[in-house]
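Written below as structure tokens is the structure these notes are about.
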Amino acid sequence: MEKVHIALGEHSYDIVIGRELNVGELMRAALPKTQDLLIVSNETIAPLYLAQLKDKLQPFGFKCRECILKDGEIYKTVDSYMQIMTTLLDDNFGRDCALVALGGGVVGDITGFAAATYQRGVDFVQIPTTLLALVDSSVGGKTAINHPQGKNMIGAFYQPKIVLADLDYLKTLPPRELAAGMAEVIKYGVILDREFFDYLKDHADKQDLDLAYVVKRCCEWKAYVVSQDEKEKGLRALLNYGHTFGHAIEVGMGFGTYLHGEAVAVGMVIAAYVATKTKGLSQDELQELVDVLPKYKLPVMIPMQLQGSDFIAHMHHDKKVKQGKINYVLPTAIGKSAVFNDLPDHEVRAYINELKEQQQQALAK
Numbered sequence: 008m009e010k011v012h013i014a015l016g017e018h019s020y021d022i023v024i025g026r027e028l029n030v031g032e033l034m035r036a037a038l039p040k041t042q043d044l045l046i047v048s049n050e051t052i053a054p055l056y057l058a059q060l061k062d063k064l065q066p067f068g069f070k071c072r073e074c075i076l077k078d079g080e081i082y083k084t085v086d087s088y089m090q091i092m093t094t095l096l097d098d099n100f101g102r103d104c105a106l107v108a109l110g111g112g113v114v115g116d117i118t119g120f121a122a123a124t125y126q127r128g129v130d131f132v133q134i135p136t137t138l139l140a141l142v143d144s145s146v147g148g149k150t151a152i153n154h155p156q157g158k159n160m161i162g163a164f165y166q167p168k169i170v171l172a173d174l175d176y177l178k179t180l181p182p183r184e185l186a187a188g189m190a191e192v193i194k195y196g197v198i199l200d201r202e203f204f205d206y207l208k209d210h211a212d213k214q215d216l217d218l219a220y221v222v223k224r225c226c227e228w229k230a231y232v233v234s235q236d237e238k239e240k241g242l243r244a245l246l247n248y249g250h251t252f253g254h255a256i257e258v259g260m261g262f263g264t265y266l267h268g269e270a271v272a273v274g275m276v277i278a279a280y281v282a283t284k285t286k287g288l289s290q291d292e293l294q295e296l297v298d299v300l301p302k303y304k305l306p307v308m309i310p311m312q313l314q315g316s317d318f319i320a321h322m323h324h325d326k327k328v329k330q331g332k333i334n335y336v337l338p339t340a341i342g343k344s345a346v347f348n349d350l351p352d353h354e355v356r357a358y359i360n361e362l363k364e365q366q367q368q369a370l371a372k
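If you read the sequence shown in our numbering, its first letter stands for residue 8, the second for the next number, and so on.
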């Protein structure tokens, strides 16, 4: 068992990483006075792990009830949020309760937002069950639900009391979900850590990643960034690499068509291509990224249905737009990145269409 500390003053907490974690003991230490828990999960995860989790918690004095959501990004909605709220109100949960998110990024985001807003805020705990949630979404306090016009448009920054990163949950993770999580892992290497990117590249063919090392390295980077910039005023914006273009794919193709990590993978390629045109990223470094992503079963192709103009239209609805300008996280080298807002829409639109045409020509050969 290892711990990574998120240093945020009175909102500080630990990410506990390991296997067969003593969940009851760890949660009792994080929530010394709490009795009532609402465990929020989904229809896929609950049958696998809910009963087991309740059995671990009840000996430590927790009274556990549950709220089971439908599974998938398409259900990251006001309706799911209201399902949690109605459960809390129907069962007379007070401000001394806590919510537990047992699931992937969608469950974690909705549960966190519910915790942030129920009776003006109650405690919550993250128990991520996907690789993507383990290395990214469960850490840092971003909580949200989607709106038909944009992803994560309704939300809050609200930190959990503890994150319990039990690697045993990955044993039942479908291969596609595991691959989607690798997009967020590779992201850290591209924007911050050349050495880590090289490790991922070197182990891609052998498929012998040390997942404990990978999760810890990603959490250490996330902890460093969040501790420096909790509300995304500067450094933390780098973690959006691939996400501005990726969110446009998710919205444009319909939520659930692409998994979040799959859309981010394509978004990383687009951002890197734009960086070769505008910010000095070398063609060789772009090719390194394009080569490594498919080895982790991640897509690199821009969807046929989307044009450059579609991306621009969707990205202007992005919550990170400031004064009408889209903020782009672009790598200047593998392991280095920055945020830029000096790219005209017509240029980015042209670069997207140019990359898409190149990809289609390569596919036709």
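Virtual Cβ for every residue (Gly too), placed ideally from N, Cα, C.
Just so you know, these numbers come straight off a predicted model, no measurement behind them.
Three-state secondary structure (DSSP) of residue i
i, result
"Met-160", "strand"
"Thr-93", "helix"
"Ile-100", "First, the residue type needs correcting, since residue 100 is Phe and not Ile in the sequence shown. Note: Phe-100 maps to coil in three-state DSSP."
"Thr-449", "Given that the chain is displayed from residue 8 to residue 372, the structure contains no residue 449 and the question cannot be resolved."
"Asn-247", "helix"
"Pro-351", "coil"
"Lys-363", "helix"
"Lys-3", "What is shown of the chain runs 8 to 372, which leaves residue 3 out entirely."
"Asp-78", "coil"
"Arg-127", "helix"
"Arg-35", "helix"
"Thr-84", "coil"
"Ser-145", "coil"
"Lys-372", "coil"
"Thr-51", "coil"
"Arg-356", "helix"
"Gly-68", "coil"
"Leu-57", "helix"
"Leu-28", "coil"
Bridge partners - residue i, DSSP secondary structure assignment
i, result
"Asp-21", "His-12"
"Ile-46", "Glu-73 and Val-107"
"Ala-133", "Reading off the sequence shown, one finds Gln at residue 133, where the question assumed Ala. Answer is Ala-108 and Val-170."
"Ile-152", "Ile-161"
"Ala-345", "Leu-337"
Rounded distance between the beta-carbons of residue j and residue i, thought under 8 Å
i, j, result
"Gly-268", "Gly-188", "6 Å"
"Val-192", "Leu-207", "7 Å"
"Leu-33", "Ile-117", "In fact, because the Cβ distance is near 23 Å, the residues do not count as touching under 8 Å."
"Val-273", "Met-322", "Rounded, the Cβ-Cβ distance is 14 Å, inconsistent with contact."
"Leu-64", "Gly-31", "5 Å"
"Ala-58", "Tyr-88", "Actually they are not in contact, since the Cβ atoms of Ala-58 and Tyr-88 sit about 25 Å apart, beyond 8 Å."
"Lys-77", "Asn-99", "With a Cβ gap of about 25 Å, Lys-77 and Asn-99 do not count as contacting."
"Gly-315", "Ala-357", "7 Å"
"Lys-343", "Val-271", "Their Cβ separation, rounded to whole angstroms, is 19 Å, which puts Lys-343 and Val-271 out of contact at 8 Å."
"Gly-68", "Asp-173", "Not confirmed; about 21 Å, so no contact."
"Glu-227", "Leu-15", "Contact flag wrong, Cβ pair sits at about 15 Å."
Distance CB(residue i)-CB(residue j) smaller than 8 Å
i, j, result
"Tyr-56", "Leu-109", "yes"
"Ile-277", "Pro-310", "no"
"Ile-341", "Thr-251", "no"
"Val-132", "Ala-37", "yes"
"Thr-41", "Asp-130", "yes"
"Val-281", "Tyr-335", "yes"
"Val-233", "Gly-147", "yes"
"Gly-263", "Glu-80", "yes"
"Leu-141", "Leu-199", "no"
"Cys-74", "Leu-28", "no"
"Asn-159", "Lys-329", "no"
"Thr-136", "Gly-111", "yes"
"Met-275", "Val-197", "yes"
"Phe-347", "Lys-286", "yes"
"Ala-186", "Tyr-303", "yes"
"Asp-43", "Lys-10", "no"
"Asn-153", "Lys-83", "yes"
"Glu-184", "Leu-288", "no"
"Asp-143", "Lys-229", "yes"
"Val-297", "Ala-211", "no"
"Asp-352", "Gly-259", "no"
Residue i Cβ short of 7 Å to the ligand SAH heavy atom set
i, result
"Ala-151", "With respect to the ligand SAH, the structure shown offers nothing to examine, as it has no ligands at all."
* **Within the region 258-339, ranges of the alpha helix (DSSP H) (whole runs, at least 4 residues)** => Taking only runs of at least 4 residues, the alpha helix (DSSP H) segments lying wholly in the region 258-339 are 267-285, 290-302 and 315-322.
* Asked: Along the chain, which unbroken stretches of the alpha helix (DSSP H) at least 4 residues long are found entirely within the region 162-235?
  -> Qualifying alpha helix (DSSP H) stretches, in chain order: 182-199, 201-211 and 218-235.
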